[in-house]
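Numbering (our numbering), first residue to last: 1447 to 1872.
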């Protein structure tokens, strides 16, 4: 089915077929289709407040923390994220509950009929964006937490006018669409900044932050930067993680935080800065509710210890920047590795090799997977023991077998890898 399999048990086969045909249209950046769809649907994207997130690594974590903070504070919150781990319905949530198959079917029928009637041929992501915004408006949500699909400026989510946007963790990814320098990619992501909105960033790379500052200045938007305008600290007591935050309108000391990877520290700092900014704008976000949210937040597949004994860890890191952050928290691992075919596999294996004893080279099911042989060849060059197992289920069996023998096993490389690992475990 093109570059992605549309999986959603409970969705009629004709809906799966329709969405799969949209996938074949590929990626087409631009706002014309989504603007036309929004008009035909009576501008649903203007009927709720929103937070817009453009991040290379960690956008889902930032979105989930903000979502939980707003929900604990009593708001009805929609969350639109991508891609999904297992089921398409995960992308569309209200108050933490995915859209039902019946409601998704209704939205697909409604929006596809409108598109066909008016000769609009949306991409898969444009269509998903229309589904999310239309459903959110019909359900009278208070807030939407919206992840950019790719880039920002020409991404279909960029029809919203957010209260605050997040731009951070910019890396060299999707360069064929967004440009081949950090400055160009930062410029595309900064394209979500509207006139006089809040901008929260943890970006510290000079060419990226300078571009974000420039766009924020042009749009007369207030920009908050990590370390300058807000500070986040992390501490560990036993197996528990605690965070302390100091900003302009919000100060939190030693709040228990449920996402335990070191790389989540900046993400929670960004999310708390969003809350801090909104408090300054008069939103009712109480400190005790924010603290409760931090203890409850979940984001499956991100430094996710699904089994402690035997030890099995899942993480969706999928590029060199993500791997650099992941290796801060691991050591002496057996790694089941499968990545997409557009990733820098040499650099990924080089980074993981710092903490790996052994690689099981495999490939997730789907056309985007890099052949397992290529991963093994790179692993061999790094001087690490590696076994080739192209069949993903058999690779999982091998990994699980080594975990049963007492080894620490990590499954990583792609959201598709982790999603299929979850399915295997079920």
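In this text, a Cβ means the ideal position worked out from N, Cα and C, and glycines have one as well.
C-beta atoms of residue i and residue j nearer than 8 Å
i: residue 1496; j: residue 1589; result: yes
i: residue 1853; j: residue 1806; result: no
i: residue 1554; j: residue 1479; result: no
i: residue 1857; j: residue 1845; result: yes
i: residue 1499; j: residue 1634; result: no
i: residue 1716; j: residue 1614; result: yes
Cβ shell of residue i (< 6 Å), same chain only, five flanking positions each side left out
i: residue 1701; result: 1689, 1737 and 1740
i: residue 1448; result: Because the pLDDT of residue 1448 is 34, which lies under 50, any placement of that residue in the model is unreliable, and the number read from its coordinates should be weighed accordingly. Cβ neighbours of residue 1448 beyond the five flanking positions: 1469 and 1470.
i: residue 1570; result: 1468 and 1469
i: residue 1598; result: 1500, 1634, 1635, 1637 and 1638
i: residue 1462; result: 1452
i: residue 1578; result: 1526 and 1538
Residue burial classification, residue i (beta-carbon count within 10 angstroms, cutoff 16)
i: residue 1767; result: buried
i: residue 1608; result: buried
i: residue 1650; result: exposed
i: residue 1784; result: buried
i: residue 1696; result: buried
i: residue 1691; result: buried
i: residue 1872; result: exposed
i: residue 1652; result: exposed
i: residue 1641; result: exposed
i: residue 1595; result: buried
i: residue 1530; result: buried
i: residue 1558; result: buried
i: residue 1764; result: buried
i: residue 1511; result: buried
i: residue 1454; result: buried
i: residue 1459; result: exposed
i: residue 1681; result: exposed
i: residue 1457; result: buried
i: residue 1674; result: exposed
i: residue 1520; result: exposed
i: residue 1936; result: Coverage of the chain is limited to positions 1447 through 1872, which leaves residue 1936 absent and any answer about it impossible.
i: residue 1913; result: No statement about residue 1913 is possible, as the shown extent of the chain runs from 1447 to 1872 and does not include it.
i: residue 1472; result: exposed
i: residue 1851; result: exposed
Spatial neighbours of residue i in its chain, beta-carbon cut-off 8 Å, leaving aside the 5 residues before and after
i: residue 1773; result: 1797, 1798, 1800 and 1801
i: residue 1870; result: 1838, 1839 and 1842
i: residue 1662; result: 1636, 1639, 1645, 1668 and 1669
i: residue 1753; result: 1849
i: residue 1742; result: 1514, 1518 and 1704
i: residue 1855; result: 1756, 1757, 1758, 1759, 1779, 1780, 1781, 1782, 1845, 1846, 1848 and 1849
Contact belief for residue i with residue j at Cβ below 8 Å, rounded distance in angstroms
i: residue 1709; j: residue 1504; result: 7 Å
i: residue 1712; j: residue 1672; result: 7 Å
i: residue 1508; j: residue 1612; result: 6 Å
i: residue 1523; j: residue 1591; result: 6 Å
i: residue 1572; j: residue 1547; result: So it is not a contact: roughly 21 Å between Cβ atoms.
i: residue 1718; j: residue 1748; result: Wrong, their Cβ atoms sit about 18 Å apart, outside the cutoff.
Residue(s) in a DSSP beta bridge with residue i
i: residue 1769; result: Residue 1769 pairs with nothing; no bridge assigned.
i: residue 1611; result: 1498 and 1645
i: residue 1832; result: 1805
i: residue 1691; result: 1678 and 1698
i: residue 1857; result: 1760 and 1782
i: residue 1539; result: 1525 and 1544
i: residue 1753; result: 1758
i: residue 1686; result: 1683
i: residue 1703; result: 1687
i: residue 1590; result: 1496 and 1524
Contacts around residue i, its chain only, beta-carbon distance under 7 Å, and the 5 residues preceding and following it disregarded
i: residue 1825; result: 1795, 1805, 1807 and 1832
i: residue 1699; result: 1690
i: residue 1610; result: 1497, 1643, 1644, 1646, 1720, 1723 and 1724
i: residue 1605; result: 1477, 1480, 1481, 1484 and 1491
i: residue 1863; result: 1784, 1810 and 1857
i: residue 1787; result: 1814, 1815 and 1816
i: residue 1819; result: 1834
i: residue 1746; result: 1531
Near the ligand PLP: residue i beta-carbon under 7 Å from a heavy atom
i: residue 1603; result: Looking for the ligand PLP in the displayed structure turns up nothing, as the structure carries no ligands at all.
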